[in-house]
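**Q** Those letters in the sequence shown? Residues 1 to 633, per full-length UniProt numbering, in order. What follows is a structure written as structure tokens; I'll ask about it next.
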Amino acid sequence: MSDWYGWSGNVLEVDLDREKAFVREMDRDVARRFVGGAGYNAKVLYDRVGPDVRPLEPDNVICFGNGPLSGSLAPSSSRFTVTSKSPVTGIFGDSNSGGHWGPELHNAGFDHIFVQGRADKPVYLWIDDHDVELKDASDLWGCDTWETTEAIQEEVGDDSVRVISIGQAGENLVKFACVISDMHRAAGRTGMGAVMGSKNLKAIAVRGTKGVQVADPSSFLEACNELEEAVISHPNYETVSTLGTTILQRIIDDAGLGGYRHYQGGSWPEWVEECGGQTLLEKYIVRHNGCYGCPASCSRYYHVKEGDYQTRGGGPEYENVAAFGAELCNMNLASILKCNTLANKYGLDTMHTGHSIAVAMHLYQEGLLSDELVGDVSLEWGDPDSIVRLLEMTAFRKGFGDKLAEGVSELASLAGDTEREVVVETKGMRGSLGDIRSHYPWALNQCTATRGMDHLKGLSAAYPTKEVAKKAADTEVNGEPEGVEVFLGKDTFHVVWSQNRHTVVDSLGLCKYEGIVMNPQRLKNFRDLLSSATGINYSLKDLYTAGERIYNLERAFNIREGIRKKDDYPPKRFFKEPIPDGPAKGAKLDKQKYTKVLEEYYEIRGWRTKDGVPSKDKLDELGLNEVAIDIHG
Numbered sequence: 001m002s003d004w005y006g007w008s009g010n011v012l013e014v015d016l017d018r019e020k021a022f023v024r025e026m027d028r029d030v031a032r033r034f035v036g037g038a039g040y041n042a043k044v045l046y047d048r049v050g051p052d053v054r055p056l057e058p059d060n061v062i063c064f065g066n067g068p069l070s071g072s073l074a075p076s077s078s079r080f081t082v083t084s085k086s087p088v089t090g091i092f093g094d095s096n097s098g099g100h101w102g103p104e105l106h107n108a109g110f111d112h113i114f115v116q117g118r119a120d121k122p123v124y125l126w127i128d129d130h131d132v133e134l135k136d137a138s139d140l141w142g143c144d145t146w147e148t149t150e151a152i153q154e155e156v157g158d159d160s161v162r163v164i165s166i167g168q169a170g171e172n173l174v175k176f177a178c179v180i181s182d183m184h185r186a187a188g189r190t191g192m193g194a195v196m197g198s199k200n201l202k203a204i205a206v207r208g209t210k211g212v213q214v215a216d217p218s219s220f221l222e223a224c225n226e227l228e229e230a231v232i233s234h235p236n237y238e239t240v241s242t243l244g245t246t247i248l249q250r251i252i253d254d255a256g257l258g259g260y261r262h263y264q265g266g267s268w269p270e271w272v273e274e275c276g277g278q279t280l281l282e283k284y285i286v287r288h289n290g291c292y293g294c295p296a297s298c299s300r301y302y303h304v305k306e307g308d309y310q311t312r313g314g315g316p317e318y319e320n321v322a323a324f325g326a327e328l329c330n331m332n333l334a335s336i337l338k339c340n341t342l343a344n345k346y347g348l349d350t351m352h353t354g355h356s357i358a359v360a361m362h363l364y365q366e367g368l369l370s371d372e373l374v375g376d377v378s379l380e381w382g383d384p385d386s387i388v389r390l391l392e393m394t395a396f397r398k399g400f401g402d403k404l405a406e407g408v409s410e411l412a413s414l415a416g417d418t419e420r421e422v423v424v425e426t427k428g429m430r431g432s433l434g435d436i437r438s439h440y441p442w443a444l445n446q447c448t449a450t451r452g453m454d455h456l457k458g459l460s461a462a463y464p465t466k467e468v469a470k471k472a473a474d475t476e477v478n479g480e481p482e483g484v485e486v487f488l489g490k491d492t493f494h495v496v497w498s499q500n501r502h503t504v505v506d507s508l509g510l511c512k513y514e515g516i517v518m519n520p521q522r523l524k525n526f527r528d529l530l531s532s533a534t535g536i537n538y539s540l541k542d543l544y545t546a547g548e549r550i551y552n553l554e555r556a557f558n559i560r561e562g563i564r565k566k567d568d569y570p571p572k573r574f575f576k577e578p579i580p581d582g583p584a585k586g587a588k589l590d591k592q593k594y595t596k597v598l599e600e601y602y603e604i605r606g607w608r609t610k611d612g613v614p615s616k617d618k619l620d621e622l623g624l625n626e627v628a629i630d631i632h633g
């Protein structure tokens, strides 16, 4: 619509019960206050999906959202967010992904797609600019994501068409099935692929030619150049571009926070040497690749040409290598890459898949899983053949894989670990493999995350002390009077700050990687980009408050689902078992101290310290009056 800038101004509503799709105008007030992407998705999910709706029921809504900067000239503007009630946790779920699909959707003239209902037969959604059609996908059902992408491109006669799809894992409603974009980019963690599968929605294919219109092209280009220069001039730029997130393997192991053998080891330098980013680069990487508009191009393509695990594919990220390697004591790098390829084809979340296998191995080690239940597959640590087999069994729900497909909470209950003495999860989800037992802010960050235990809703580990956090926050606001308030003397301030800031980035449609590992991005950069793109004069306070507003709305969704203070604690093991070896040997969390920092976090957030419920005053302050009434009456 011609009077929109940044945003296209259009959302696509899809009703699969009636197999109808129609276009409506975006809500201007919601766009301004919730920015777009993750924020706009969260508002729609809160309004449409109540606690009476189960994740895999037709009434659950799945939201695909771009930010106003997605597909623009802004550096790293590749990201889109998928949001729904999560089959993994039963609470708020979203997942952020890169590649080229999100920008293509924005260039087709759509900011968001909202899908509800369930089709009678498998379908895929075909978007050719504003020509939209639901097409029969019966012949695609049973295909993996690579086959699906190629078949759709052949059908529409254009191999440049961008496709997101589910594989066999999504079709089989594996709780942690994910959505795959461009064959190698995953919207994972929260089971969005299972939600698509429950709706008989196999894929969404897009061709877009319209472009993204900005209000002030000159100022926008200046802001883009400033941010790109900050990225490429950063001292870590070359290493990050070369190794991607596998740069973290050495850093985490050197700190003794490796989480090896399902958190039964802290340091394993031999594994880093055998399976680390540098070894991967030298042995198997054939070329580098980047998402849309990325100056870092941190992704890679690998090719294993010989041996038992011949494969090729894209990636892998640090957590992928860790999930199929470190956590399972697997020293065979080729088999790890084979698992990564299969996970992308089948549409499996790598972290949940590896973690489910690790939990099973640990429960078996403790004598809590019987041979009769497990069947003829080995649950011995470090067996690459069994790891590959267990992954395939999970995707197809074959044998013991049917149990793994239900997730670690169900697996623990099946094994009689009802008190969660072995399982590592919070709200049904495991966070980063990087051990949180030596770092209270990092533990707090992950365990208060709105989608379950999670390392991507904030990155407080980057700021280990309040002095460093204050310095970062001071730099962030640049001393401007409209800048956010710095809570002096609060060790937990930077957790709140980081979570709010990351929520802004997910809503803009930008990648957090440069901001996490290199950290040249500032709130000022985001403000300048957003203001010049949309023509709305955002202040730093406006933008930071938008992040806070979105985070509180996501929390309110979870409160409505029954989440309370007890659900914000780390796994029991982390209070009882110290890290057994390495530089962090002996570290464990103290429950009393953790409770103190948790309550400080609640105070900073404006949430009630007794239960973690956002106060009515805080919700009213953020303009969430209807939510305050919903939560407090």
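Every residue, glycine too, gets a C-beta built ideally from N, C-alpha and C. Just so you know, these numbers come straight off a predicted model, no measurement behind them.
Using a Cβ-Cβ cut-off of 6 Å (strictly less than) and excluding sequence neighbours within five positions of Leu404, which residues of its own chain qualify?
**A** Cβ within range, chain order: Ser356 and Thr394.
**Q** Is Thr418 helix, strand or coil by DSSP?
**A** Reduced to three states, the DSSP call for Thr418 is coil.
**Q** Give me the residue from Leu257, Thr426, Gly193 and Arg261 with the minimum Cα distance to Gln365.
**A** Of the candidates Leu257, Thr426, Gly193 and Arg261, the one whose C-alpha sits nearest the C-alpha of Gln365 is Arg261.
**Q** From which residue to which residue does the alpha helix (DSSP H) around Gly197 run?
**A** Counting along the chain, the alpha helix (DSSP H) containing Gly197 begins and ends at Met192 to Ser198.
**Q** Which of the three DSSP states, helix, strand or coil, is assigned to His112?
**A** In the structure shown, His112 sits in a strand (DSSP, three-state: E or B).
**Q** How about the stretch 201-216 and the stretch 338-348: do they share at least three Cβ pairs that are nearer than 8 Å?
**A** No, they do not touch.
**Q** Per the contact definition of three or more C-beta pairs closer than 8 Å, is the stretch 3-23 in contact with the stretch 103-123?
**A** Touching, yes.
**Q** Do you know offhand how far Phe396's Cα is from His303's?
**A** Taking the straight line from one Cα to the other gives about 25 Å.
**Q** When every heavy atom of the ligand COA is checked, does at least one fall within less than 8 Å of the C-beta of Gly416?
**A** This structure simply doesn't include the ligand COA, nor any ligand for that matter.
**Q** Considering only their Cβ atoms, is the gap separating Ile204 from Leu125 smaller than 9 Å?
**A** Taking 9 Å as the Cβ cut-off, Leu125 and Ile204 qualify as a contacting pair.
**Q** Hey, how far is the Cα of Gly188 from the Cα of Asn625?
**A** Taking the straight line joining both Cα atoms gives about 32 Å.
**Q** Which whole-angstrom value describes the C-beta separation of Thr239 and Ile247, a residue pair presumed to lie in contact below a C-beta threshold of 8 Å?
**A** Rounded, the Cβ-Cβ distance is 6 Å, consistent with contact.
**Q** Taking the alpha carbon of Leu598 as the reference point, which residue from Ala556, Trp442, Asp620 and Asn66 has its own alpha carbon closest?
**A** Comparing Cα-Cα distances from Leu598 to each of Ala556, Trp442, Asp620 and Asn66, the minimum goes to Trp442.
**Q** When DSSP labels each residue in this structure, what does Leu140 get in the three-state scheme?
**A** Reduced to three states, the DSSP call for Leu140 is coil.
**Q** For Phe493, which three-state DSSP category applies?
**A** Phe493: helix per DSSP, three-state reduction.
**Q** Out of Ala358, Lys398 and Gly399, which has the shortest C-alpha to C-alpha gap to Pro379?
**A** As written in the sequence, residue 379 is Leu, which differs from the Pro given in the question. Selected option, being the one with the closest Cα: Ala358.
**Q** When you compare the CB positions of Asp581 and Ser219, do they come within less than 9 Å of one another, or not?
**A** No. Outside cutoff.
**Q** State the Cα-Cα distance for the pair Trp497 and Ser241, rounded to the nearest angstrom.
**A** Answer to the nearest angstrom: the Cα atoms are 27 Å apart.
**Q** Should the stretch 76-85 be regarded as contacting the stretch 289-301, the criterion being three or more beta carbon pairs within less than 8 Å?
**A** The stretch 76-85 is in contact with the stretch 289-301.
**Q** Once DSSP output is grouped into helix, strand and coil, what is the label at Asn236?
**A** DSSP places Asn236 in coil when its eight states are reduced to three.
**Q** So, for Ser267: in the same chain, excluding its five sequence neighbours on each side, which residues have a beta-carbon less than 7 Å away from its beta-carbon?
**A** Hits under 7 Å: Asp253, Gly256, Gly258, Asp581, Gly582 and Pro583.
**Q** Have a look at Asp3 and Gly102 and give me their C-alpha separation to the nearest angstrom.
**A** Those two C-alpha atoms are separated by around 22 Å.
**Q** On the DSSP letters alone, give me the boundaries of the alpha helix (DSSP H) that Gly354 sits inside.
**A** Counting along the chain, the alpha helix (DSSP H) containing Gly354 begins and ends at Thr350 to Gln365.
**Q** Can you look up Thr209 in the DSSP assignment and give me helix, strand or coil?
**A** Thr209 falls in the coil class under three-state DSSP.
**Q** Relative to the alpha-carbon of Gly6, which residue among Lys20, Val161, Met26 and Val14 has its alpha-carbon at the smallest distance?
**A** Comparing Cα-Cα distances from Gly6 to each of Lys20, Val161, Met26 and Val14, the minimum goes to Met26.
**Q** Is it buried or exposed, Ser138, if we count other Cβ atoms within 10 angstroms and call 16 or more buried?
**A** Flag for Ser138 reads exposed.
**Q** Excluding five sequence neighbours on each side, which residues of the same chain lie with their C-beta closer than 6 Å to the C-beta of Glu535?
**A** In the sequence as displayed, the identity of residue 535 is Gly instead of Glu. Here the set comprises Tyr5 and Ala215.
**Q** Run the CB neighbour count on His632, radius 10 Å, all protein chains shown included, and call it buried at 16 or more, exposed below.
**A** Exposed, by the Cβ-count rule.
**Q** Determine the DSSP secondary structure at Glu410, reduced to helix, strand or coil.
**A** Of the three classes helix, strand and coil, the one that applies to Glu410 here is helix, per DSSP.
**Q** Using 8 Å as the threshold, is the stretch 296-312 in touch with the stretch 127-138, meaning 3 or more CB pairs across them?
**A** Verdict: no, contact absent.
**Q** Can you have a look at Phe400 and say buried or exposed, based on whether 16 or more other CB atoms are within 10 angstroms of its CB?
**A** Flag for Phe400 reads buried.
**Q** Could you give the distance in angstroms between the alpha-carbon of Asn344 and the alpha-carbon of Val286?
**A** If you take the alpha carbons of Asn344 and Val286, they lie about 18 Å apart.
**Q** Over the uninterrupted alpha helix (DSSP H) stretch that includes Arg608, give me the two end residues.
**A** Unbroken run through Arg608: none, as it is neither H nor E.
**Q** Work out the CA separation of Glu229 and Ala412 for me, nearest whole Å.
**A** Distance between the alpha carbons of Ala412 and Glu229: 49 Å.
**Q** Can at least three beta-carbon pairs, one atom from the stretch 324-338 and one from the stretch 150-165, be found at a separation below 8 Å?
**A** As far as the Cβ criterion goes, the stretch 324-338 does not touch the stretch 150-165, which means the pair count is below three.
**Q** Does Glu419 pass the burial test, meaning 16 or more other C-beta atoms within 10 Å, or should it be called exposed?
**A** Flag for Glu419 reads exposed.
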